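Numbering (my numbering), first residue to last: 1 to 365.
All residues carry an ideal CB built from backbone N, CA and C; glycine is no exception.
Source: prediction; values computed, not measured.
First comes the structure, then the notes that go with it.
Printed below as a string of structure tokens:
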């Protein structure tokens, strides 16, 4: 039974906030919809954060042709939702996320055994397609049509698609999928051995010609004009002097440290890392000039055995890079342990990075 439009709007907003609280979505990533008739559904708009989204900002879409009402643009992946409603008359709520554990498991490109009553014993995996592309829509349509009893699907190197009779059902499926994928990852990965001592290069935000550097509980203010700086401050100052960002975070997550210790460039296994961090993430010793060169065209650099520096035009964006780098390094470790995983095609990664940078710059401007 479809929702009224008013109820659909309320539930989509509620679902977004619940998914955010559960850690199943972040920022504007993913999309949520609710059916209001045999032909129409309400969906989240493109590029809007879940914590500030309001009911009137949601978009009414005609699933027959993808048209929509109003000036606000709906999610670019609305076609996947339209197909789900067309193929599954009993489905009234659809959640598409880039949730971490499911995204990592999707890189294997194969169906997942799911020992969970909500998931039906198996989670099919769709073939890879670029985000918002016809190829991704066709791949999702094929698995939804091919597995009519499955409520959850992996989208290779992209994320997950969860279907439900109602909002509670779809949310429960999304949460169950993340639990199953977390267990799968834990079953194949050992705890990485880390260096005995890992330096802390801190975090900072640029304010005019100065930056505040926080290392542990200690905060100091440095000027970009200072000739002599402590090693950690010199790294941050080099990034700012090169015009590469206005916020720098040192990430010391165990998976990031483990990957950084390999001294190999990190090729993205999932497409959101390619978009936000770069078509690859290079490594460099903690030397200002080397770090700056490795960051050109990127928003992260690996520091061998010491994690990574993540850079953004503001703290929020640097934190987004950090989040995706952690997921990307976990995916890299998973790929090393599981046959069949492969990084994104180089040209696909470059295309996604270029598209993200130009679209983001336009949005911020």
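**Asked** What separation, rounded to the nearest whole angstrom, lies between the Cα atoms of residue 200 and residue 309?
**Response** 11 Å
**Item:** Where residue 42 falls, given that 16 or more other Cβ within 10 Å makes a residue buried
**Value:** buried
**Prompt:** Is the beta carbon of residue 268 less than 9 Å from the beta carbon of residue 258?
**Reply:** no
**C-beta contact flag for residue 119 and residue 160 at 9 Å** = The answer is no: Cβ separation not under 9 Å.
**Message:** I need the straight-line Cα distance from residue 126 to residue 156, nearest angstrom please.
**Reply:** 6 Å
**Request:** Please state if the CB of residue 19 and the CB of residue 171 are separated by a distance shorter than 9 Å.
**Result:** yes
**Prompt:** Does the Cβ-Cβ distance between residue 324 and residue 272 come in under 9 Å?
**Reply:** yes
**Asked** When you compare each of 149, 313, 162, 281 to residue 303 by their alpha carbons, which one comes out closest?
**Response** Checked all of 149, 313, 162, 281; the closest Cα to residue 303 is 281.
**Request:** Label residue 255 either buried or exposed according to how many other C-beta atoms from any shown protein chain fall within 10 Å of its C-beta, with 16 as the threshold for buried.
**Result:** buried
**Asked** Are residue 328 and residue 270 closer than 9 Å when you measure CB to CB?
**Response** yes
**Prompt:** In terms of DSSP beta bridges, what is residue 218 paired with?
**Reply:** 215
**Asked** Is the beta carbon of residue 146 sitting closer than 9 Å to the one on residue 137?
**Response** no
**Request:** Whole angstroms is fine: what's the gap from residue 336's alpha carbon to residue 265's?
**Result:** 14 Å
**Message:** Between which two residues does the alpha helix (DSSP H) holding residue 254 run?
**Reply:** Element bounds for residue 254: 254-261.
**Asked** How do the stretch 231-249 and the stretch 204-218 stand: do at least 3 beta-carbon pairs fall below 8 Å, yes or no?
**Response** yes
**Request:** Hey, could you find the ends of the alpha helix (DSSP H) residue 33 is sitting in?
**Result:** Residue 33 -> not in any alpha helix (DSSP H); beta strand (DSSP E) instead, spanning 31-35.
**Asked** In the DSSP assignment, what are the bridge partners of residue 204?
**Response** 213, 248
**Message:** Can you check which of these residues, 347, 65, 305, is closest to residue 86 by C-alpha distance?
**Reply:** 65
**Asked** Does DSSP put residue 302 in a helix, in a strand, or in coil?
**Response** If DSSP states are grouped into helix, strand and coil, residue 302 belongs with the strands.
**Asked** How would you label residue 95, buried or exposed, when you count the other beta carbons within 10 angstroms and need 16 or more for buried?
**Response** buried
**Item:** Cβ shell of residue 162 (< 6 Å), same chain only, five flanking positions each side left out
**Value:** 95, 152, 170, 173, 174
**Prompt:** For residue 198 versus residue 101, is the C-beta distance shorter than 9 Å?
**Reply:** no
**Item:** Coarse secondary structure for residue 198, derived from DSSP in three states
**Value:** coil
**Request:** With a cut-off of 8 Å on the beta carbons, I'd call residue 61 and residue 164 a contact; round off their distance for me.
**Result:** Going by Cβ atoms, the distance from residue 61 to residue 164 rounds to 18 Å, so no, they are not a contact pair.
**Item:** Residue nearest to residue 283 in terms of C-alpha spacing, selected from 29, 188, 263
**Value:** 263
**Request:** Please confirm whether residue 84 and residue 38 have their CB atoms less than 9 Å apart.
**Result:** no
**Message:** Looking only at its chain, what residues have a beta carbon closer than 7 Å to the beta carbon of residue 288, apart from the 5 residues adjacent to it on each side?
**Reply:** 234, 235, 238
**Asked** CB residue 36 to CB residue 8, shorter than 9 Å?
**Response** yes
**Request:** Taking only runs that begin and end inside the stretch 272-352, name each unbroken alpha helix (DSSP H) of 4 or more residues, in chain order.
**Result:** Secondary structure remark: continuous alpha helix (DSSP H) runs of at least 4 residues inside the stretch 272-352, in chain order: 288-295, 315-337.
**Request:** Give the DSSP-derived three-state secondary structure of residue 88 in the structure shown.
**Result:** coil
**Request:** Answer yes or no: do residue 11 and residue 167 have a C-beta to C-beta separation smaller than 9 Å?
**Result:** yes
**Request:** With a threshold of 16 other CB atoms inside 10 Å of the CB of residue 107, please say whether the residue is buried or exposed.
**Result:** buried
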